[in-house]
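Colleague: Residue numbering for the sequence shown follows UniProt numbering, beginning at 1 and increasing consecutively.
The C-beta atom is built at its ideal place from N, Cα and C for all residues, glycine as well.
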Amino acid sequence: SDDDDDEDDDEDAEDDEKDAGPARKRSRKRLRAGSERAAERRIEMEEEALLKGGTPESVQEFERLVVASPNSSFIWIRYIGYFITLAEVGKAREIARRALKVISFREEKEKLNVWVAYLNIENMYGTDESLHKVLSESVQFCEPFEIHRRLARIFVDTRKNDKAIKQFTLLCKKFKTHPK
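(1) Counting only the same chain and skipping the five closest in sequence on each side, list residues whose C-beta sits under 7 Å from that of V139.
(2) In its own chain, which residues sit with a C-beta less than 6 Å from the C-beta of V156, not counting the 5 before and 5 after it?
(3) Take D15 and list the residues in its own chain whose beta-carbon comes closer than 6 Å to its own, dropping the five residues that flank it on each side.
(4) Could you tell me the alpha carbon to alpha carbon distance between L151 and E107, rounded to whole angstroms?
(5) Give me, in chain order, the residues of the same chain whose beta-carbon lies closer than 7 Å to that of F175; leave out the 5 immediate sequence neighbours on both sides.
(6) Please report the distance separating the alpha-carbon of E11 from that of R26.
(7) Looking at C-beta atoms only, is the number of pairs between the region 81-91 and the region 100-116 that lie closer than 8 Å three or more?
(8) Can you give the Cα-Cα distance for V59 and T177, rounded to whole angstroms?
(9) With a 10 Å radius around its C-beta and 16 neighbouring C-beta atoms as the bar for buried, classify D162 as buried or exposed.
(10) To the nearest angstrom, how far is it from the Cα of R97 to the Cα of E57?
(11) Mapping the DSSP letters down to three states, classify R98 as helix, strand or coil.
(12) Specify the secondary structure class of Q167 as computed by DSSP and reduced to three states.
(13) Between V134 and W76, how many whole angstroms is the CB-CB distance? I'm expecting something under 8 Å.
(14) So, are the CB atoms of I103 and N123 less than 7 Å apart?
(15) Using a Cβ-Cβ cut-off of 7 Å (strictly less than) and excluding sequence neighbours within five positions of A117, which residues of its own chain qualify?
(16) From I121 to T169, what distance separates their C-alpha atoms?
(17) Could you check if L119 is buried or exposed, using at least 16 other CB atoms within 10 Å of its CB as the buried criterion?
(18) How far does the alpha helix (DSSP H) with T127 in it extend, from its first residue to its last?
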């Protein structure tokens, strides 16, 4: 009878679902794994583009870069500059401080670069007092002659000639015996 045919059809449909169950699960897993691989590839491509000179356009992009290359002063300084362009000097200072904590103590040149960027921030946006505070701190971690020389250069570059003369005079007095 027709009722028997309907029951057979229902059983066939159930059998099809049972048979397709594991295949569907595998298919979903493959799709999920494929989309995860695609997302990873996309992130890797974005990181490569940023490292090759692309400009990060968000905090998330910068965060990915600093996690991928924590000892790169180049990336940290670009991150600092990002906040400067947004007129968020406080955030720029925070990033400078964070970079100084994160960069390995073995990476002296990288740390020096961040200290110089920090001195630049204070020279441009801070007070004489905040600049002196950063200077005092930086000479504890980097070679004092190099820090003072870089600060003199900062003053010259920003046309703060009186401060530059004082800084060069200090260099000559304090570091008479230094070969440079």
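Modeller: Answer, in terms of the structure:
(1) Numbered from its first residue, the sequence shown carries residue 139 at position 139. Closer than 7 Å at Cβ, skipping near neighbours: I147.
(2) Taking the first residue of the sequence shown as position 1, residue 156 is located at position 156. A164, listed in sequence order.
(3) As a working note, residue 15 is residue 15 in the sequence shown. Unreliable placement is indicated for D15, whose pLDDT of 49 sits below 50; the coordinate value is still reported in the next sentence. Answer for D15: no residue qualifies.
(4) The count along the sequence shown starts at 1 and reaches residue 151 at position 151. The count along the sequence shown starts at 1 and reaches residue 107 at position 107. Those two C-alpha atoms are separated by around 20 Å.
(5) Indexing the sequence shown from 1 puts residue 175 at position 175. Excluding positions up to five away in sequence, the list reads F145.
(6) Taking the first residue of the sequence shown as 1, we reach residue 11 at position 11. Taking the first residue of the sequence shown as 1, we reach residue 26 at position 26. Low confidence applies to E11: its pLDDT is 49, below 50, so where it sits in the model is not reliable, and the reading given next is rough at best. C-alpha separation (whole angstroms): 24 Å.
(7) no
(8) Numbered from 1 along the sequence shown, position 59 holds the residue referred to as residue 59. Numbered from 1 along the sequence shown, position 177 holds the residue referred to as residue 177. Whole-angstrom Cα-Cα distance: 45 Å.
(9) To locate residue 162, count along the sequence shown from 1; it is residue 162. That one is exposed.
(10) Here residue 97 corresponds to residue number 97 of the sequence shown, with the count starting at 1. Here residue 57 corresponds to residue number 57 of the sequence shown, with the count starting at 1. Distance between the alpha carbons of R97 and E57: 21 Å.
(11) Translated into positions along the sequence shown, residue 98 becomes position 98. Residue state, collapsed to three classes: helix.
(12) Here residue 167 refers to the residue found at position 167 when the sequence shown is read from its first residue. Note: Q167 maps to helix in three-state DSSP.
(13) Residue mapping note: residue 134 aligns to position 134 of the sequence shown, counting from 1. Residue mapping note: residue 76 aligns to position 76 of the sequence shown, counting from 1. The pair is not a contact, with the Cβ atoms about 15 Å apart (cut-off 8 Å).
(14) Counting from 1 along the sequence shown, the entry for residue 103 is found at position 103. Counting from 1 along the sequence shown, the entry for residue 123 is found at position 123. In this structure, N123 does not lie closer than 7 Å to I103 by Cβ.
(15) Here residue 117 is taken as the residue at index 117 of the sequence shown, counted from 1. So the list reads I77, I80, A96, once near-sequence residues are dropped.
(16) Position 121 of the sequence shown, counted from the first residue, corresponds to residue 121. Position 169 of the sequence shown, counted from the first residue, corresponds to residue 169. Computed Cα separation, rounded: 23 Å.
(17) Counting from 1 along the sequence shown, the entry for residue 119 is found at position 119. The residue is buried, with at least 16 neighbouring Cβ atoms inside 10 Å.
(18) Within the sequence shown, numbered from 1, the residue matching residue 127 stands at position 127. Taken as a continuous stretch (DSSP letters only), T127 belongs to no alpha helix (DSSP H), as it is neither H nor E.
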